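Asks: After the C-alpha cells below, expect a handful of questions from me.
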Amino acid sequence: MNEIKNKDRRDFLAKAAVAGVAIGAGTNLFGAVNKPNIACKGWAAFDESGELRPWKFERRAVGDDDILIEVMAASICHSDIHTELGHWGKQIYPQVPGHEIVGLVREVGKNVKNFKIGDRAGVGCMVDNTDIATAGSEEQYSKNTIFTYGHPYPKEPTGISQGGYSDYFVVNSHFAIHIPNELSWDEAAPLMCAGITTYSPIMKYMKKGDNVAIIGIGGLGHLGIKIAITKGAKVTAFTTTKSKIKDIESWGAKAVLVKSSDDLAPFRAKFDFALSTIPYEFEMEPYIAMVKPFGSFTLVGMPINFSQKTQTLNLASTKVNLNASLIGGMKETAEMAEFCAKAGVRPNIVKITGEKINQAWRDVVAKRARYRFVIDPKSF
Ligand SMILES: NC(=O)c1ccc[n+]([C@@H]2O[C@H](COP(=O)([O-])OP(=O)(O)OC[C@H]3O[C@@H](n4cnc5c(N)ncnc54)[C@H](OP(=O)(O)O)[C@@H]3O)[C@@H](O)[C@H]2O)c1
C-alpha cells in the first residue's frame, strides 16, 4: 500500500514538474477560474521529528462540488503521529495533519446540494475521490479515494492533501457529514475518526448481549467501550495503564490491568468479539485465545510499517475470524454521529491551544491522553 502511495506521489510530482505546476506558489490551475485560493493558518510537520510548527499555506479555491469549512475543532489521532513520524512510509512536507475536523460551512460550490452556508459539518479521513461514481458506500476501500492529509492531490496548491489542524478546510461535499445539534464541536470532532473506526467493526461483528473485549484504552478504545455498551454488549477493557481503571469502570465496563500475558489466561475463550486498538506490534496469541471459537477479532491499531505477526496454528485451532478494519464509509459515519448524539455517547476530551500540540503528541505516545486532545483553531 505504501509502495503504491509513494509511486503515486512520484508519478504526480513528475507530471507536475512537466506541467509546470507551481507547487506551493498559490496558483489555482485546478480550482475554479478567477477565484482566489484560501489563505490558511495551521500547524504542520516539516520533517520526521514529530515536532510541529505554525505554517501559513493555501488551499484550493472552493470548486463546484466543494464546501469551505471554518474549523471549530480538530482532534489528535495517533494516526497523525504515525504518519508524520514516517511510521507508514516517507512523507511530503510541510504537511498539516488532522482528520477529525468539525466546523461551520462558510461557502458552497454551485453543484452542492447536501450543504448550505451556516450548516454544521464534519470531515474524517477522506476528502475526495477521482471517480466518485464508482466509489460505492464504503469509499475507504475505493482505489480512487483521496485521504485527508499527505495524499498526492493535484487540486491542492501544495500538491498533497493538507489536514485539519487548520483554521479553514475545503472538501468535496460528499466527504462531509452533518453534525447533529446535540453534539458540541469538541464532542463531535473525535467521532470523525475514532468514533467511526470503532463503530464500524462493532456493528459488523457484535450483537446485543455479546461478551466483548476492547484492548488498548486511548482515543479509539474509550469510544469503543462506550459504543459497545450502548449497543448492549458486556464489555471487558484490557489496559496497560492502572490509572485508567476508574474511568473504565465509570463507563460501565470491567477493567483488566495487563502486565503480562498471564493476566489474559483466565479469559480463554470468553469473548464473542475482541477489538484491538494497540498502535504498535504486540504479542497477539494470548489475546486471540480470549475469543471463543468462530468469534471475531478485529485489529484497528496500525503498527509501524503495518507489520503485525501471528501464528497460523493459533488461528486454526481456535477458528477465530481475524480481520482488520479501516474507518467506515460516509453513510455509516453519518449514522454513527446520529447514534452517538441520540444515545448520549460522548468522548472524554481535553481542549488545547496550538502551542500545546507538541506536548499533546508526546502525551498520546506515553498513554497519558484522557482520552482525546481537541485543538482550538482560534488559537492559531
Ligand atoms: N484502522 C483505522 O481505520 C484506524 C483509524 C484511526 C486510528 N487507527 C490506529 O489505531 C491506533 C490507536 O489510535 P488511538 O488514536 O486510539 O491511539 P491512542 O489514543 O494512543 O490509544 C492507544 C492505546 O493503546 C494502548 N497502547 C499504546 N501503546 C501500546 C503498546 N506499545 N503496547 C500495548 N498497548 C499500547 C494504550 O492504552 P492502555 O493505556 O489502555 O494500555 C493507548 O492509550 C493507532 O495505531 C492508529 O493509527 C486506525
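If you're matching positions, the sequence shown starts at 39 in this note's numbering and goes up one per residue.
By construction, the Cβ of each residue, glycine as well, lies at the ideal position given by its N, Cα and C atoms.
Bear in mind that the values here come from a model prediction, so they are computed numbers and not experimental data.
#1: Who pairs with Leu106 in a beta bridge, going by DSSP?
#2: Please report how far the alpha carbon of Lys151 lies from the alpha carbon of Ser211, in whole angstroms.
#3: If I follow the unbroken beta strand (DSSP E) through Asn361, where does it start and stop?
#4: Which whole-angstrom value describes the C-beta separation of Gly339 and Pro324, a residue pair presumed to lie in contact below a C-beta threshold of 8 Å?
#5: Which residues mark the beginning and the end of the alpha helix (DSSP H) in which Cys378 is found?
#6: Indicate the three-state DSSP secondary structure (helix, strand or coil) for Gln178 in the structure shown.
#7: Leaving aside the five residues before and after Arg158 along the sequence, list all residues of the same chain whose C-beta is less than 6 Å from its C-beta, in chain order.
#8: Below 7 Å, is the gap between the Cβ of Thr235 and the nearest heavy atom of ligand 1?
#9: Can you give me the Cβ contacts of Phe335 inside the same chain, cut-off strictly under 6 Å, excluding the 5 residues immediately before and after it?
#10: List the whole-angstrom C-beta distance separating Ile105 from Ala214, where the pair is believed to meet the contact cut-off of C-beta under 8 Å.
#11: Taking the Cβ atom as the reference point for each residue, do Gly147 and Asp103 lie within a distance shorter than 8 Å?
#12: Identify whether Gly156 lies in helix, strand or coil by the three-state DSSP scheme.
#13: Please classify Leu221 as buried or exposed, where buried requires at least 16 neighbouring CB atoms within 10 angstroms.
#14: Kindly indicate which three-state DSSP category Met244 falls into: helix, strand or coil?
#15: Is the Cβ-Cβ distance between Val250 and Lys272 less than 8 Å?
Replies: The relevant details are as follows:
#1: Here the question's residue 106 lines up with position 68 in the sequence shown. Note: Leu106 sits in a beta bridge opposite Glu145, Val208.
#2: Residue numbering aside, residue 151 sits at position 113 when the sequence shown is read from its first letter. Residue numbering aside, residue 211 sits at position 173 when the sequence shown is read from its first letter. Rounded to whole angstroms, Lys151 to Ser211 spans 9 Å at the Cα level.
#3: Here residue 361 is taken as the residue at index 323 of the sequence shown, counted from 1. 359-362 is the extent of the beta strand (DSSP E) around Asn361.
#4: For the purposes of this step, residue 339 is taken as residue 301 along the sequence shown, with counting starting at 1. For the purposes of this step, residue 324 is taken as residue 286 along the sequence shown, with counting starting at 1. Actually they do not touch by this definition, with Cβ atoms about 16 Å apart.
#5: Against the sequence shown, residue 378 aligns to sequence position 340. From DSSP, the alpha helix (DSSP H) with Cys378 extends over 368-381.
#6: Here residue 178 refers to the residue found at position 140 of the sequence shown. If DSSP states are grouped into helix, strand and coil, Gln178 belongs with the helices.
#7: In the sequence shown, counting from the first residue as 1, residue 158 sits at position 120. The residues are Ile217.
#8: Translated into positions along the sequence shown, residue 235 becomes position 197. Yes; taking the cut-off as 7 Å, the Cβ of Thr235 has a heavy atom of ligand 1 nearer than that.
#9: On the sequence shown, residue 335 is found 297 positions in, with the first residue counted as 1. Cβ neighbours of Phe335 beyond the five flanking positions: Ala312, Ile326, Val329, Val358, Leu360.
#10: Residue mapping note: residue 105 aligns to position 67 of the sequence shown, counting from 1. Residue mapping note: residue 214 aligns to position 176 of the sequence shown, counting from 1. Yes, they are in contact, since the Cβ atoms of Ile105 and Ala214 sit about 6 Å apart, within 8 Å.
#11: To locate residue 147, count along the sequence shown from 1; it is residue 109. To locate residue 103, count along the sequence shown from 1; it is residue 65. A distance below 8 Å separates the beta carbons of Gly147 and Asp103.
#12: To locate residue 156, count along the sequence shown from 1; it is residue 118. Coil, per DSSP.
#13: Here residue 221 refers to the residue found at position 183 of the sequence shown. With a 10 Å radius around the Cβ and a threshold of 16 neighbouring Cβ atoms, Leu221 comes out buried.
#14: Taking the sequence shown and counting its residues from 1, the one referred to as residue 244 is at position 206. Three-state result, Met244: coil.
#15: In the sequence shown, the residue the question calls residue 250 occupies position 212. In the sequence shown, the residue the question calls residue 272 occupies position 234. For Val250 and Lys272, yes; Cβs fall inside 8 Å.
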